[in-house]
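Numbering (this note's numbering), first residue to last: 877 to 1354. This report refers to the structure that appears directly beneath it.
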Amino acid sequence: MKWETVIGLEVHAELSTKSKIFCACTSAYGGEPNTHVCPVCAGMPGVLPVLNRSVVEYALRLGIALDCAITQYCKFDRKNYFYPDLPKAYQVSQLYAPICRNGHLDIEVDGKKKTIRIREIHMEEDAGKLVHDAKGADTFMDFNRCGVPLLEIVSQPDFSGAEEVTTYLEKLRETLLYLDICDCKMQEGSIRADINLSVRLPGGELGVRTETKNMNSFKAIARAIEYETARQIEILEDGGQIVQETRRWDDEKLESYGMRSKENAQDYRYFPEPDLLPMQIDDSWLASVKANLPELAHQKRERYAVQFGIPEAEAAVLTVHKNICDLFETIARSSGQPVEAAHLLTGEIMRLMNNANILPEDLNLETNKFSALIKLVTDGKINRSAYKETVEAVFTNNVDPDTYIAEKGLMMINDDNAVIEAAKAVITENQDTAAEYRAGKEKVFGFLMGQVMKKLGGKGNPDMVKKTLTEMLKGSGV
C-alpha cells in the first residue's frame, strides 16, 4: 500500500537576550552548574517574576517576519507538571493567547514551492538540565537554564517528508539568525525541534501521531523521520495500532524508543498565570518593530544581485550564515570592491574554513587585513598567485600582509624600465617567433609574454607587460 506521511513541527528557539525571561540572571550558555540561578528562576516561595521586555520585542520581530497576526492583548499561562529539572513544578508559557498566530514560511524543494503554515508562536521559559552519572545510578540537576527565554514556533501538519522538514528548518534558522534573536547553535541546544508524525492512506483521516522530542541536528531529524515513518507503516501493515506517545531518538543506534504516553493539554491543568499581568502591545510599539526589522537573507541576496551584480549561487553562499554575510559586507565596504570581496569569501576563505573544520558562526577575521589585500591585487601591486598565498598566510597565522609580502618578495614589478628591458631581451632572443607574430600569427604572443614574465621572476605586472610587449612588437624598434 502507498502511505502518506504527515508531519508537524514544534521548534524551540532560545533567545539571545542578556538576561532570563523573568529575572536578571544571565542567560549565557554554560557556566559552572547552578551558578546562573536566583530565587526567581529557582522557584523559591514568595518570589515574583518580572517580564523581560526584550523577549516580547524578539517575539514580535519573528512574528512580523513570518507574516503572523499579532495578538496585541496577550497573556501568560501556567503549564503544570512535575519533573526534576523544573523546580517550580510548573512552566510559564502561553496557551490561550499566544503572541503570534497564523503565519507562514515558504520553502522550495526540487523546484517546487510550498507554503508551510505557522499555527502560532508563543513565549515561554526553559527548564533545567539533568546530568546522569555514567558510572552509577545518580542524576544531578543543573538549574542554569531554568528561565532562559524560548520562542516555540508551532507549524500546522503541512510536511510530507524529511526533505521538506530540513528545508523549512534551515530557512527558519536563517530567519532567526538574521533577525538577531537567536544564535541557533544546535550543538548548544539553542534551537531544537519536536517531530509530530503520523501516516495515513492517501486522502484518509489523520493517523495517530507520535512525538519525537528535542532533536538538535538536521541530519538526525531526517534520519528520525525516515525511521519513524517506516516503523509506523510496518506496524499498521501487520495489523497493529499506533500508540500516541513521546519517543526519544538514539542517533548512535539509529532507532527511537518510547518514553511516555502522550499527554493532552488538559493533563497539564493550564490556568492563567496569576503573577503576571496581561500585556497590551500598542500600535506604536508594533510600528516601531516593523520599521526597524533587520534585512533578511533573501532580501540581501536580491540586493547583492541588483546592487553589485553578484551571481545567485555566490550570493547564496555569502548569506548561508549571518556571520559570513557580516564579514562580506564589512570587507566590501572598506575595500570598495564588493565583487572581489564576494570572490574572496566564497572561494579561498570557504576552502580554508573547510580545511580547518571551522563553522561559519566561529569564523573570526581581521577584515582590515583582507580589505588591504583586495586593494593590493586590484591596484596591480601583487599578482593573483601572491594574493592567494598571502590570503592563506593571513587566515592561518594572522600575519601582517604588507610585512609578509615584503619578506617573501611578492610585490609586482611596475617599473617601466625593467619591463621594457625584459621585453627587448625576449624579442632579441626570439626573433623568429616575433616575426611570426608580426606576420599575423597571434597565438605566439602568449609564449613571448610568458618569457617576459619569466625574466621578471613572475613578478611583472601582466597588464603592463602585455601593453609594453604589444607596442614593441608592433613598432620597429627591435
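Note that the Cβ used here is the ideal one computed from N, Cα and C, for glycine as well. All figures in this text were calculated on a predicted structure; none of them were measured in a lab.
### Query
Cα separation between L988 and L1055?
Contrary to the premise, residue 988 reads as Lys rather than Leu in this sequence. Taking the straight line from one Cα to the other gives about 26 Å.
#### Entry: Inter-residue spacing [alpha-carbon to alpha-carbon] between G1353 and K1245
The predicted position of G1353 is uncertain, since its pLDDT is 48 and thus under 50; no value can be drawn from it.
### Query
Are the Cβ atoms of H888 and T902 separated by less than 8 Å?
With respect to the 8 Å criterion, H888 and T902 are not classified as neighbours on the basis of their beta carbons.
### Message
Once DSSP output is grouped into helix, strand and coil, what is the label at S1031?
### Response
S1031 falls in the strand class under three-state DSSP.
### Message
Contact defined as beta carbons within less than 8 Å: I believe G1004 pairs with D1018. What is the distance between those atoms, to the nearest angstrom?
### Response
6 Å
### Query
Would a C-beta distance cut-off of 8 Å place E996 and V968 closer than the cut-off?
No; because the gap between Cβ atoms is not below 8 Å, this pair is not in contact.
### D1159 versus G919: straight-line alpha-carbon distance, rounded
Answer to the nearest angstrom: the Cα atoms are 34 Å apart.
### Query
Between which two residues does the alpha helix (DSSP H) harbouring N1273 extend?
Membership of N1273 in the alpha helix (DSSP H) is indicated by the continuous run R1260 to N1273.
### Task
Could you check which residue in G1334, I897 and V1328 has the C-alpha nearest to that of V926?
The residue among G1334, I897 and V1328 with its C-alpha nearest the C-alpha of V926 is I897.
### Cβ-based burial, M1348 [other Cβ within 10 Å; buried from 16]
buried
### Message
Taking the alpha-carbon of T1086 as reference, which of I1101, K1284 and N1020 has the nearest alpha-carbon?
### Response
I1101
### Query
In whole angstroms, what is the alpha-carbon distance linking N1259 and T1266?
Going from the Cα of N1259 to the Cα of T1266 covers about 11 Å.
### Query
Under a Cβ-count criterion, where at least 16 other Cβ atoms within 10 Å of its own Cβ denotes burial, should E1001 be classed as buried or exposed?
buried
#### Entry: Three-state secondary structure assigned by DSSP to E908
coil
### Query
Could you check where the beta strand (DSSP E) with G884 kicks off and where it finishes?
Note, G884: beta strand (DSSP E), E880 to E890.
### Query
So the alpha helix (DSSP H) R1314 belongs to, where does it begin and stop?
Q1307 to R1314
### As assigned by DSSP and simplified to three states, the class of H1197
coil
### Task
Select from C1201, A1315, S892 and K1300 the residue whose C-alpha is nearest the C-alpha of Q1327.
K1300
### Query
Which term fits M1135, buried or exposed, when burial requires 16 or more other beta carbons within 10 angstroms of its beta carbon?
exposed
### Task
Rank I1296, V1075, K955 and D1308 by C-alpha distance to the C-alpha of T1344 and give the top, closest one.
I1296
### Task
With a cut-off of 8 Å on the beta carbons, I'd call M1288 and N1337 a contact; round off their distance for me.
5 Å
### Query
Under the DSSP definition of a beta bridge, which residues are partnered with A945?
R977
### Task
Tell me whether N1244 sits in a helix, a strand or coil according to DSSP, three-state version.
helix
### Task
Rounded to whole angstroms, what's the CA-CA distance from D1127 to V1007? Just pull it up for me.
19 Å
### Query
Does the beta-carbon distance from R1177 to L1130 come in below 8 Å?
Contact flag unset, no.
### Query
In terms of DSSP beta bridges, what is H1008 paired with?
T1015
### Message
Could you check whether V931 and V923 sit closer than 8 Å to each other, using their CB atoms as the reference points?
### Response
no
### Task
Decide if the stretch 1188-1196 is in contact with the stretch 1218-1228; the criterion is three or more beta carbon pairs, one per stretch, under 8 Å apart.
The stretch 1188-1196 is in contact with the stretch 1218-1228.
#### Entry: Residue burial classification, L1077 (beta-carbon count within 10 angstroms, cutoff 16)
exposed
#### Entry: Inter-residue spacing [alpha-carbon to alpha-carbon] between Y1180 and L1172
12 Å
### Query
Between which two residues does the alpha helix (DSSP H) carrying S1093 extend?
Per DSSP, S1093 is not a residue of any alpha helix (DSSP H), being assigned neither H nor E.
### Task
Taking only runs that begin and end inside the stretch 1146-1186, name each unbroken alpha helix (DSSP H) of 4 or more residues, in chain order.
1159-1167 and 1173-1179
### Message
Tell me which residues share the same chain as A1311 and place their Cβ nearer than 6 Å to its Cβ, disregarding the 5 neighbours each side in the sequence.
### Response
Cβ within range, chain order: n/a, list empty.
### Query
Cα separation between L1053 and Y1133?
33 Å
### Query
How many Å lie between S1137 and D982 at the Cα?
Straight-line Cα distance between these residues: approximately 33 Å.
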